[in-house]
Amino acid sequence: MMVLGSQLWAVLTLQDYNTRVVVLGTAALGMAAGMIGTFMLLRKRALLGDALSHSALPGIAVAFLVMAGAGGSGKWLPGLLLGATLSGVLGIAWIVLIRSWTRLKEDAALGIVLSVLFGAGVALLGIIQHMASGSAAGLEGFIYGKPASMLQADAIAMAVTAAAIAVLCSVLFKELQLLCFDPGFARAQGWPVARLDWFLMALVTAVTVIGLQAVGLILVLALLVIPPAAARFWTERLWRMFVGSALIGALSGMVGASVSALVPRLPAGAIIVLVAAGIFLLSLLLAPQRGALPRLWRHGVLRRTVARQHLLRSLYEMSEPAGGRGGVPLSALLARRSWSAGELRRELRRARRQGLVQVVEGLVELTPPGLQQAQRLVRNHRLWELYLITHADVAASHVDRDADALEHVLGRQMVSELENLLSAQVRTEVPRSPHVLSEGTHAR
Amino acid sequence: MPAEWIWELDGWIVAAGILCAMSCALLGNFLVLRRMSMMGDAISHAVLPGLAAAFLMTGSRDTWAMLAGAILVGILTALLTQAVSQLGKVDESASMGVVFTALFALGLVLIRQAADTVDLDPGCVLYGLIESVWIDTVSVGGRVMPRSVLVLGVMFILNVAFVTVLYKELKLVSFDPALATTLGYNANVLHYLLMTMVAATTVVSFEAVGSILVVAMLIVPAAAAYLLTQRLGAMIAVSLVIAALCGLLGHVGAIAVPRWFGYGSTITAGMMAVVAGVILLGALLLAPRQGVLSKMAHRAALSLRIVAEDILGLLYRMEELAAASPQGAGGGRVRFEAAYRALDSGWLVTRAALWRLRATGRIQRIAEGYCLTDIGRQQAGQILRSHRLWERFLVEQAAVRVDHSHSAATRLEHVTTPRLQEDLRQATQDAAVDPHGRPIPRPPDRGATGA
């Protein structure tokens, strides 16, 4: 326990030199990918990063073969990354050609390029493995990533990339925003849309190539997609999403690298992705506006409100001759609307708890506060019916259903406008219903 | 066949490759048509945690457990992708990206945990071990055959059965999902059935070609077949042929191609993807209707014909002008440079058109340039007839202004059939002059025009 505690302390305070390099490097990478990923996600090109990273493999292998053939060790990193960049660009060009020359769609173009170029890379790796020198070990690190072997120079490269992307995206923020949300309008306004697209893809290529070593070519896509998708849940404004995505990316990188430094046998690249996925899941469920649980909760509240209002109005209308004061048998209430016995009983229980209805001698009746609410609801309902009849020329026999849907969302302002409009027809507290109130208005 | 080809070994490798490629390509047709190619990619990555969990739970590489685990996770991928994109209102492709990378990462972590107890190499997940299929054999009816060839053969038969039984439904859902729904077919059930088959095929193919090359076999043969054909049945047949070629040439290429450059042999699975890519590139360039080259050739032939017809028209008009002018002589001839300038066409296409007109005897070379032969004059008259009838028609019937009628007629004259010309004659009541007052040439033989 003591050992683990001191290790944790060492990692969290970045005392260990290697850990410091790795944690800060992956954080910078996550930040860079999160920023550029925001625009890719909104441009609906989220999966382009996947094709791009896979098509880097043959470039790496060819660069190795060329450098080894020229007498070097073949593992000079800048050379390998140059190869990766070139074949990534080749991959993008191939996608664009397939998309514009044939009737194949985007998805097929991505699938073709990523699988064929990756296959070519695998074939080249096979050649390299069989070479006598046997110095190929390490190239496979690009597939799964090896953050632990990150050097200070790599971390600095990642930090520089992140800073450059932050600056470039801030400078071109307005243009990129336009490109993401309305490319047609951007083109009509004379912005160089194609060049902006190429600019975005150049940045993605840079991040992908830099990220290959850290998380590997399969998981680099995760860094480009997951942070922006998670940030999207929390906001409706692009710049907040941009910043949020950068923060989520950086956090995933930091936490993931720290955890894999602490716990043995956890591959860092995968842990970084899982941390990001965890943040995504939390955002998906909990984000206040777009999150799933708050949405379900709001939906439930609305449904209960509507059900309560239906119950109160039914009770009032059924006892209207007595001024809404008489009791109503449960069977009559059940026949009144298209609700099941279970739903009705649940609603009654809830309304009794809230003190809106009471049951006297087996008959359901409104309490004084319930009567007051019911009167207001019926009034709103009939105001809207009258409005539809008078101003929208809807037949009296058809207005009930329309008003039924609208009565729940009539605001105070709206009601007073309706009152002004209909002042000639509405003289009583609760206006008379403009149509016949049958026993079962809504046949089951 | 390469020198060190041994049928007992390489034959089985090729058989495994062909069966695997054909199983994948068969289903791939529907993925490509339904624009879900990347779903194949997602599932083939995402089955990893299913495999790893099966390893961890059973402690062995038991085929059935692996199959069950991977199919479950494969279906889960499709379900989760849909759930995330609906619950979170996320773009479908982004939701796919989130789901499959997260599952793949989970799989990597699980494999790392299992690494001590089970021998499972992440490399084998990516490129498979098709070269060593013959190590693990089973005996079927007295004949010894590699286990994976048997498994892949069964999978291929299952896929054929699936596609045969549900052919009509798959076709309908692929081309018109809305119609399928209104006709009462449950597109969702079919979607998940297809995803189940894809997941199962992926797992079975894993050992042979690895995860990403499954994607190559799922998408590339079907995409190439899509470019080459116009009917679903033909597309499926062509994709199967291409897949079989990938299996065969992939292995031959893996042995032979690196030799050309002085290296040793390489991984068959990678070469299969390369072969598929080369075939796709060929289809992209050479396909009879969709191919880039055939489209270019078609366009070139069209512009050659139009320029040739324009040259004939030009010469005919120059003859008319010469006949009308008092000097008379010297008309009806044009030099190359003049034709090139007057027609506003490309240099090369003008040269080619002149060459072709001469070769077919419609113009001839004289000292001052080119002039019409009798055949050429007859054809030029027909073109001018179409042109002037059109002008007349446009001005009289379509309320086009006289000074605008020429450019429209210039475009229409090239697509006017004899039948259409006859209709125009009737519509313009046998007009003898065009709106500019020039005579409309008569048809050479009135009886033949309607034919």
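The listed protein sequences derive, respectively, from chains Y and P. Okay, so the first sequence: first residue is 679 according to our numbering, each after it adds one. Okay, so the second sequence: first residue is 803 according to our numbering, each after it adds one. For glycine and all other residues, C-beta sits at the position ideal for the given N, C-alpha and C. None of these values were measured; they are calculated from a predicted model.
Item: Beta strand (DSSP E) segments (min. 3 residues) lying fully within the segment 786 to 872 of chain Y; Value: none
Item: Distance CB(Y:Gly703)-CB(Y:Gly947) smaller than 9 Å; Value: no
Item: Chain Y contact for P:Cys822 (CB, 9 Å cutoff); Value: no
Item: Span of the alpha helix (DSSP H), counted from its first residue to its last, around P:Gly955; Value: 949 to 967
Item: Residue-level contact to chain P via CB, Y:Met836, 9 Å cutoff; Value: no
Item: Buried versus exposed, by CB contacts within 10 Å (16 or more), P:Asn961; Value: buried
Item: Length of the line joining the Cα atoms of P:Arg1135 and P:Met1120; Value: 7 Å
Item: Alpha-carbon spacing of Y:Leu854 relative to P:Phe902, whole angstroms; Value: 28 Å
Item: Bounding residues of the alpha helix (DSSP H) (the contiguous stretch that carries P:Val849); Value: 839 to 860
Item: Y:Leu874 and Y:Leu850 closer than 9 Å at C-beta; Value: yes
Item: Residues near P:Gln1092 in its chain [Cβ-Cβ closer than 7 Å; skip 5 each side]; Value: Leu1029
Item: Between the CA atoms of P:His1100 and P:Arg1221 - distance to the nearest angstrom; Value: 24 Å
Item: Contact residues within the segment 923 to 949 of chain Y, judged by C-beta distance below 9 Å to chain P; Value: Arg943, Leu944, Pro945, Gly947, Ala948, Ile949
Item: For P:Arg945: DSSP bridge partner residues; Value: P:Val942
Item: Where P:Arg1255 sits in the DSSP three-state scheme; Value: Because residue 1255 of chain P is not part of the residues shown, which for chain P are 803 to 1253, the question remains open.
Item: Simplified DSSP state of Y:Glu1043, which is helix, strand or coil; Value: strand
Item: Within 7 Å of chain Y by C-beta, residues of the segment 1019 to 1031 of chain P in sequence order; Value: Ile1021, Val1022, Ala1025, Tyr1028, Leu1029
Item: Secondary structure, alpha helix (DSSP H): runs of 4+ residues fully inside the segment 1058 to 1135 of chain P; Value: 1070 to 1088, 1094 to 1126
Item: Test item: CB-CB of P:Leu954 and P:Leu829 under 9 Å; Value: no
Item: Backbone secondary structure at P:Tyr987 - three-state DSSP; Value: coil
Item: Assumed close pair Y:Ala844, Y:Trp912 - CB separation to whole angstroms, cut-off 8 Å; Value: Their Cβ separation, rounded to whole angstroms, is 20 Å, which puts Y:Ala844 and Y:Trp912 out of contact at 8 Å.
Item: Which of helix, strand or coil DSSP assigns to Y:Gln685; Value: helix
Item: Chain Y within 9 Å of P:Ile845, Cβ atoms only; Value: no
Item: Beta bridge counterpart(s) of P:Leu1174 as assigned by DSSP; Value: P:Ile1165
Item: C-beta neighbour in chain Y for P:Val834, strict 9 Å; Value: yes
Item: Which residues DSSP lists as bridging Y:Val1006, in chain order; Value: Y:Val1042
Item: Contiguous alpha helix (DSSP H) assignments of at least 4 residues, all confined to the segment 716 to 791 of chain Y; Value: 726 to 732, 734 to 747, 755 to 779
Item: Through-space distance from P:Thr879 to Y:Leu963, alpha-carbon basis; Value: 18 Å
Item: Cβ shell of Y:Gly1002 (< 8 Å), same chain only, five flanking positions each side left out; Value: Leu993, Tyr994, Leu1044, Leu1049, Ala1052, Gln1053
Item: Candidates P:Arg836, P:Ala867, P:His1189, P:Phe857: closest to P:Val911 by CA position; Value: P:Phe857
Item: Short Cβ contact (9 Å threshold) for P:Val1268 with Y:Thr780; Value: Past the edges of chain P, shown from 803 to 1253, lies residue 1268 of chain P, and the structure says nothing about it.
Item: Backbone CA spacing between P:Trp936 and P:Asp893 [nearest angstrom]; Value: 45 Å
Item: Alpha-carbon to alpha-carbon, Y:Phe863 and Y:Tyr1065; Value: 41 Å
Item: DSSP state of Y:Val1037 mapped onto helix, strand, coil; Value: strand
Item: Members of the segment 1054 to 1072 of chain P near chain Y, C-beta cut-off 9 Å; Value: Gly1055, Ala1056, Val1059, Pro1060, Phe1063, Tyr1065, Gly1066, Ser1067, Thr1068, Ile1069, Thr1070, Ala1071, Gly1072
Item: C-beta contact flag for P:Leu1083 and P:Ile1113 at 9 Å; Value: no
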